[in-house]
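Residue numbers (UniProt numbering), protein chains in the order written: chain A, 1 to 309; chain B, 1 to 309.
For each residue, glycine too, the CB sits at the ideal point set by N, CA and C.
Shown next, in structure tokens, is the structure this report addresses.
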């Protein structure tokens with residue numbers, strides 16, 4: 001019988017938010033099976049936007065007033081379904097796009113300049129006086145950006161500083177300084193490195209398909225820092241094994257955490273565990289927005305960062 | 001009894017030059033123990049400048065007229081000793097400094113954003129739903145450049161594009177836009193990331209000593225893309241094990257290839273096998289300068305890129 005509003009954290013990796021939220025709210029954690037009587041108290045869900053929202057659960061929460069995504073992305077949330085129930089959705093936009101762009105540049109360097117492979121070779125005794133690993137320079141490499149949003153633009157600025165050229169494709173023209181190709185296939189055909197940086201939704205699932213990979217080609221590099229759903233992962237694995245695609249550097253996967261056995265015999269891959277946007281500074285910024293949105297809800301104020309219409 | 005000048009390649013990893021050199025020269029390879037009678041024919045040595053030059057060998061080569069470094073660096077060559085014998089030394093300046101700078105940025109990202117560790121963790125099954133690796137953003141990180149030459153300047157431009165600030169130290173002032181600190185210790189004290197980018201010589205052996213490492217501190221990152229001799233490697237290993245230095249990302253070592261057992265239990269390291277400047281494009285540029293210097297020598301023309309006075 002508390003006076004404090006109750007919130008429910010959905011994903012286990014968000015557990016560290018508990019301490020901050022408990023300063024103001026009663027906090028339940030989904031994976032700890034909250035008592036049934038809590039269901040009538042819970043007023044907000046705190047979620048990572050890349051995970052599918054459990055709509056059956058929502059229908060058991062009569063007091064629910066907000067879906068608060070801790071993340072920038074909210075592709076796991078059926079916003080239309082929520083709106084039809086009068087449930088607003090908030091997220092954390094424009095907080096970590098530059099960190100994600102840094103990560104994309106890191107993945108390009110790690111793959112092209114073979115940093116991860118070099119570290120592995122050296123540690124396993126494979127560096128000998130006879131052999132020196134020669135890698136391709138970044139100079140003049142053609143980067144194709146899929147989706148010229150905040151992340152895409154931040155990647156483009158960095159790519160140019162590293163002597164690469166930039167073009168992009170997205171479904172809608174944008175007022176940016178880089179040229180847009182007519183189609184995604186055209187972009188892939190004229191790129192050495194394709195960086196997937198667009199928002200994921202139901203319409204672009206598997207956007208990077210076998211045909212796009214073949215167009216990128218046997219010396220092409222596919223980088224994904226957006227969402228695993230945007231890439232046909234089975235086709236990707238097949239293309240890398242067949243050598244019809246040169247390399248892939250991925251931070252996101254169809255299922256997360258991805259099963260490592262899936263990648264064990266796939267050549268020319270650099271794989272990071274969805275750490276692109278997860279910096280100390282970004283997490284702090286996302287936490288601030290989360291707390292502000294919750295505070296606005298319970299104060300009856302306008303939400304600070306609702307998802308766009 | 002050939003009419004073609006004879007050249008001797010000294011290091012085994014330069015063996016791939018053979019094919020190019022053989023179009024014009026008789027080529028001997030040191031590690032294949034050339035016949036004694038070749039000694040009187042050899043007119044040029046082709047060397048990697050980071051390796052100590054065998055002066056006893058040189059004294060057995062009466063026709064020797066040139067030490068041609070394939071590399072930009074020539075710290076293994078006692079240029080004064082060569083000059084005293086009327087032996088000019090050439091090298092390959094301003095060819096690969098931007099690739100080395102790219103590599104330095106890659107090492108910074110690989111260490112700070114834990115790309116190598118992330119790849120290792122994911123592949124070994126260490127990515128679980130409970131844990132998400134949080135890494136420090138590059139935003140606002142203070143980069144200290146040791147030696148503001150071509151590499152240092154190229155690193156600085158890139159660091160700024162990645163939202164880091166730059167200052168530097170070197171023994172002489174330079175006309176660059178970044179502030180120079182009064183001392184190396186001052187630079188280390190006020191840097192999060194120290195990038196060693198200076199030319200190595202007899203005077204700066206062990207320049208990055210235990211005191212500099214302590215000044216960089218327990219959350220500091222040391223990056224070396226210059227020469228192993230510039231860093232006191234025993235002190236480095238001790239500082240990393242003790243945690244008085246946070247991390248190191250190295251492309252160069254006191255001995256190369258470095259013994260991997262030396263690094264087996266040293267935490268927070270990213271280690272690449274001296275691949276910073278070894279790109280396809282740079283190697284092509286270095287080969288061009290090598291062939292031009294040899295051609296100039298045998299045509300009696302001025303050498304194209306002699307080492308500076």
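Discussion item. DSSP has residue 69/A in a bridge; who is on the other side?
Written reply: 47/A, per the DSSP bridge assignment.
Less than 8 Å between CB atoms is the rule here; does residue 280/A satisfy it with respect to chain B? Residue 280/A counts as touching chain B.
### Message
Less than 8 Å between the beta carbons of residue 236/B and residue 102/A, yes or no?
### Response
For residue 236/B and residue 102/A, no; Cβs fall outside 8 Å.
* Asked: To which residues of the same chain is residue 268/A closer than 8 Å at the C-beta, ignoring the five residues directly before and after it?
  -> By the criterion of a C-beta distance shorter than 8 Å, residue 268/A is surrounded in its chain by 111, 240, 246, 247 and 248, once the five residues flanking it on both sides are discounted.
| Assuming residue 113/A contacts residue 128/A under a Cβ cut-off of 8 Å, what Cβ separation, rounded to an integer in Å, is found between them? | Not quite, the Cβ-Cβ distance comes to about 20 Å (not below 8 Å), so this is no contact.
Report the CB separation of residue 199/B from residue 98/A in whole angstroms; it is logged as a contact under 8 Å.
Between residue 98/A and residue 199/B the Cβ distance is about 34 Å, and since that is not below 8 Å, they are no contact.
What residues from chain A crowd round residue 138/B, counting only those whose CB sits closer than 7 Å?
The contacting residues are 102.
Straight-line Cα distance separating residue 45/A from residue 1/A:
Confidence at residue 1/A is low in this model, with a pLDDT of 46, below 50, so its placement is unreliable and no value can be given for it.
Return no unless some Cβ of chain A is closer than 8 Å to the Cβ of residue 81/B. Not closer than 8 Å to any Cβ of chain A, the Cβ of residue 81/B fails to qualify, so no.
- Per-residue DSSP class, three states only, for residue 1/B: For residue 1/B, the predicted structure reports a pLDDT of 46, less than 50, and the residue's modelled location is therefore unreliable. A value from the coordinates is still provided. Look at residue 1/B here: in three-state DSSP terms it is coil, with no helix or strand label.
Worksheet item: Between residue 176/A and chain B, is there a C-beta pair that is closer than 8 Å?
Response: By this cut-off, residue 176/A is not an interface position.
Pairwise C-alpha distance: residue 48/B and residue 147/B
Roughly 22 Å between the two C-alpha positions.
ask   = Closest by CA to residue 229/A, which one among 215/A, 252/A and 85/A?
value = Checked all of 215/A, 252/A and 85/A; the closest Cα to residue 229/A is 252/A.
Item to check | the stretch 70–89 of chain A in contact with the stretch 298–307 of chain A per 3-pair CB rule at 8 Å | outcome: Short answer: they touch.
Q: Note the first and the last residue of the continuous beta strand (DSSP E) segment covering residue 193/A.
A: Where residue 193/A is concerned, the enclosing beta strand (DSSP E) stretches over 193–196.
For residue 182/B and residue 169/B, I'd like the C-alpha separation in whole angstroms.
Inter-residue distance for residue 182/B and residue 169/B is about 7 Å (C-alpha atoms, whole angstroms).
Within-8 Å CB hit, residue 119/A to chain B: Judged by the 8 Å Cβ criterion, residue 119/A is in contact with chain B.
Would you verify that the beta carbon of residue 99/A is, or is not, closer than 8 Å to some beta carbon of chain B? Proximity of residue 99/A to chain B, defined by a Cβ-Cβ separation below 8 Å, is satisfied.
Inset, instruction - With a threshold of 7 Å, establish whether the CB of residue 59/B neighbours any heavy atom of the ligand FMN. - result: Annotation note on the ligand FMN: not contained in the displayed structure, which lists no ligands.
Q. Chain A beta carbons: is any one of them nearer than 8 Å to that of residue 71/B?
A. It does not; no Cβ of chain A falls within 8 Å.
Quiz item: Can the beta-carbon of residue 290/A be found closer than 8 Å to that of residue 92/A?
Solution: Yes, they are a contact pair.
Just to confirm the assignment, what range does the alpha helix (DSSP H) spanning residue 99/B have?
Taken as a continuous stretch (DSSP letters only), the alpha helix (DSSP H) holding residue 99/B covers 97–112.
Next item on the list: Please decide whether residue 1/B counts as near chain A, where near means a Cβ-Cβ distance under 8 Å.
Entry: Since pLDDT at residue 1/B reaches only 46, below the 50 mark, its modelled position is unreliable, and the value read off the structure follows with that caveat. Taking 8 Å as the threshold, the shortest C-beta distance from residue 1/B to chain A does not fall below it.
Exercise. Quick one: list the residues of chain B neighbouring residue 135/A, beta-carbon separation under 8 Å, in chain order.
Key: The contacting residues are 275, 278, 279 and 280.
message = Does any residue of chain B have a CB that is nearer than 8 Å to the CB of residue 240/A?
response = Interface criterion not met: the Cβ of residue 240/A is under 8 Å from no Cβ in chain B.
Check your understanding: At what residues does the beta strand (DSSP E) containing residue 279/A begin and finish?
Key -> Here residue 279/A belongs to no beta strand (DSSP E), and DSSP marks it neither H nor E.
- Under 7 Å Cβ-Cβ, which residues of chain D neighbour residue 130/B? In the structure shown, chain D cannot be found, because the protein chains are A and B.
Query - Cut-off 7 Å between Cβ atoms - residues of its own chain near residue 150/B, not counting five sequence neighbours on either side - result: Correct list, in chain order: 94 and 97.
**Report entry** Beta carbon proximity, residue 228/B to chain A, threshold 8 Å
**Finding:** Using a Cβ-Cβ cut-off of 8 Å, residue 228/B does not count as an interface residue toward chain A, since no Cβ of chain A sits closer than that to its own.
**Element boundaries [alpha helix (DSSP H), containing residue 153/A]** = Element bounds for residue 153/A: 150–161.
Which of the three DSSP states is assigned to residue 135/B in this structure? DSSP places residue 135/B in strand when its eight states are reduced to three.
| task | Go ahead and label residue 8/A buried or exposed: buried means 16 or more other beta carbons lie within 10 angstroms of its beta carbon, across all protein chains shown. | result | So residue 8/A ends up on the buried side.
Please classify residue 280/B as buried or exposed, where buried requires at least 16 other C-beta atoms within 10 Å of its C-beta. Looking at its Cβ environment, which holds fewer than 16 other Cβ atoms inside 10 Å, residue 280/B is exposed.
Pick helix, strand or coil for residue 144/B, following the three-state DSSP scheme. Residue 144/B: strand per DSSP, three-state reduction.
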